[in-house]
Amino acid sequence: MKQVVKVLIPTEDIRRKTDEIAEQINNDFGDEKIILLGILKGSVFFMTDLAKRLKMPVEMCFMDVSSYYDDAESSGDVKINLDLDISIKNKNVLIVEDIIDTGRTLHMLMERLSLRGPASIKLAALLNKPTKREFDITLDYMGFEIPNKFVVGYGLDYAQRYRNLPYIGVLNFIDE
Ligand code: IMP
Ligand code: MG
């Protein structure tokens, strides 16, 4: 099967949207210090481009998590592969994520993080795929709503490939 990537969101549109989101965050937080918490690895390009546009004091950190679902208990949790090296107690946390699909990962992660006593937790996601949502997620800052297609590029991967594309594209598989 051949893999073909078709441009869905060009680089220039991502740049413009990132400007808009940064302006909203600058307006909402003013001079208040925030902790940008990027979820590895998909959020890396969005996080760094966003951070460069923010005017308040910003601390940058990362977590790597994966979600799992326990059928027996009809519940799930996140596995924390890489945890924060700082305390978020009484701090403003802005989670930066590449894409929200079912919402499971973010739902579980936010439950875990709220136990650590932050002053606030907000969420910025570049992409939103609302059609498969299973968990209620409040997206404070959102880039683009996209259809239920598998997308790659600008951080997003398929089997660790395509993250370095400067645009977001739909990945298609075609018979040769
Ligand atoms: P959720 O827990 O179902 O919301 O899954 C979100 C995670 O699945 C994202 O952080 C991505 O890592 C991955 N994901 C979901 N949709 C896509 C896609 O279209 N392309 C690449 N990764 C995706
Ligand atoms: Mg992810």
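My numbering runs 155 ahead of the 1-based position in the sequence shown. Ideal placement from N, C-alpha and C gives every residue a C-beta, glycine not left out.
Membership of L282 in the beta strand (DSSP E) is indicated by the continuous run S275 to N283.
Following the DSSP letters along the chain, one finds L205 inside the alpha helix (DSSP H) bounded by residues V199 to A206. Within its own chain, the residues whose Cβ lies closer than 6 Å to the Cβ of N181, once the five positions on either side in sequence are excluded, are K210, listed in chain order.
In the three-state reduction of the DSSP assignment, D183 falls in the helix class. DSSP places L249 in no alpha helix (DSSP H) but in the uninterrupted beta strand (DSSP E) bounded by N247 to I255. Contact annotation: G298 and V162 have beta-carbon atoms that are not nearer than 7 Å. Within the DSSP secondary-structure output, E300 pairs in a beta bridge with N283. Your pair I254 and G197 checks out as a contact, with CB atoms roughly 7 Å apart and the cut at 8 Å.
According to DSSP, D219 shares a beta bridge with L237.
Rounded to whole angstroms, the gap between the alpha carbons of M156 and L326 is 12 Å.
The DSSP-derived three-state label of K188 is coil.
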